[in-house]
Amino acid sequence: MPNYTLLDKSDHSAATLDSDDSFSHAKHFNVVTVGFNEIASISGCMPLVVTTDVSTNTRSLATVVGFEEFGNVFCNGDKWMGHAVPLSIQCYPFNYAIEDNGVSMLIDTSSVRFSSAGSNQANRLFASDGEATGLLKRYQSMLADLVTGQQQSASFLSILDSLDLLSPLDVTLHFEDGTTKIISDLLTINESQFASLTAEQVFDLHSQGLLLAINAMMLSLRQYNRLVQLTQGTDNPIKKVGMKLVTSE
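Start counting the sequence shown at 555; every next residue gets the next number (this note's numbering).
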């Protein structure tokens with residue numbers, strides 16, 4: 555389990571952070587949250603969907619990176635197998651907490667990449683004068699983008715809900731051994747409902763910069779084929795994937 559603590563230049567003055575270009579910490583992930591500002595880059599690499607936290611009944615914009623049987627199919631040894639990486643994965647071992655006085659930066663001190671007093675000076679988080687190093691500044695910038703994007707996502711999903719544009723999506727996996735599995739806890743854009751919007755509603759979406767995002771989400775479902783390709787070479791790969799929108803009609 556992660557052990558997130560507030561990043562502090564006094565407590566972590568000598569801390570270092572090793573690099574991990576394979577993002578191995580995410581090797582067991584199947585779905586991760588993404589920000590609205592990531593839609594353009596992520597949609598051409600992996601499927602974009604909407605998930606629901608049943609305990610809080612809140613929805614999140616997310617991307618599919620794998621399946622339970624395979625873990626994260628983009629994690630392959632020492633190499634990430636996609637041209638895009640979700641910010642929530644890139645930012646690790648950092649995270650954030652929103653408090654009354656703003657956003658606080660957290661770090662997972664249990665990460666194997668973290669050392670409270672590492673020997674590699676090039677990987678330090680703080681310089682000798684207590685200022686953030688270039689390494690830490692890069693993470694601070696990514697984390698700021700993550701916070702902004704996820705806040706924008708909440709507004710985006712609220713608008714999709716108000717227009718009744720989200721419907722359940724059933725994804726059927728067909729494995730080489732003949733077995734099948736249905737994943738039914740995802741939501742996506744209902745194309746029929748989208749096509750039935752009035753000209754005024756479409757114009758409003760366009761003026762808010764949301765029309766391209768909606769189209770990107772719909773087109774991104776094609777990337778399930780990419781995920782299928784990345785299971786090849788395993789003991790029981792996925793041979794094809796089927797998708798069905800579940801409507802109330």
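Note that beta-carbon positions come from the ideal geometry of N, C-alpha and C, so glycine has one too.
First and last residue of the uninterrupted alpha helix (DSSP H) at residue i
| i | result |
| --- | --- |
| S746 | 745–749 |
| N649 | Note, N649: premise wrong, no alpha helix (DSSP H); beta strand (DSSP E) at 648–653. |
| A770 | 765–774 |
| V782 | 778–783 |
| L641 | 641–644 |
Residue i versus residue j - alpha carbon distance
| i | j | result |
| --- | --- | --- |
| S721 | T742 | 6 angstroms |
| D662 | N649 | 8 angstroms |
| C645 | L697 | 6 angstroms |
| V619 | R613 | 18 angstroms |
| S673 | A651 | 29 angstroms |
| N655 | S761 | 33 angstroms |
Residue i - partner residues in DSSP beta bridges
| i | result |
| --- | --- |
| H728 | T734, K794 |
| S614 | T605 |
| L720 | I743 |
| N630 | K633 |
| R678 | T570 |
Residue span of the beta strand (DSSP E) that contains residue i, given as start and end
| i | result |
| --- | --- |
| Y558 | 558–560 |
| S695 | That residue, S695, is in no beta strand (DSSP E); its alpha helix (DSSP H) goes 688–716. |
DSSP-derived helix/strand/coil call for residue i
| i | result |
| --- | --- |
| N591 | helix |
| F583 | coil |
| L759 | helix |
| S578 | helix |
>> Counting beta carbon pairs with one atom in the stretch 561–580 and one in the stretch 724–738, are three or more of them shorter than 8 angstroms?
In response: At 8 angstroms Cβ cutoff, the stretches do not touch.
>> Check whether the stretch 555–573 and the stretch 597–617 touch, using three or more Cβ-Cβ pairs below 8 angstroms as the test.
In response: Inter-segment contact for the stretch 555–573 and the stretch 597–617 is absent: fewer than three beta-carbon pairs are separated by less than 8 angstroms.
>> Measuring CB atoms only, is the stretch 556–570 touching the stretch 671–689, in the sense that at least three cross pairs come out at less than 8 angstroms?
In response: Under the Cβ criterion (8 angstroms, minimum of three pairs), the stretch 556–570 counts as touching the stretch 671–689.
>> Using a Cβ distance threshold of 8 angstroms, determine whether the stretch 744–759 contacts the stretch 706–721, with at least three qualifying pairs required.
In response: Because the criterion of three Cβ pairs below 8 angstroms is met, the stretch 744–759 and the stretch 706–721 touch.
> Are three or more beta carbon pairs between the stretch 690–707 and the stretch 752–760 nearer than 8 angstroms?
Replying inline: Taking 8 angstroms as the limit for Cβ pairs, the verdict is that the stretch 752–760 does not touch the stretch 690–707.
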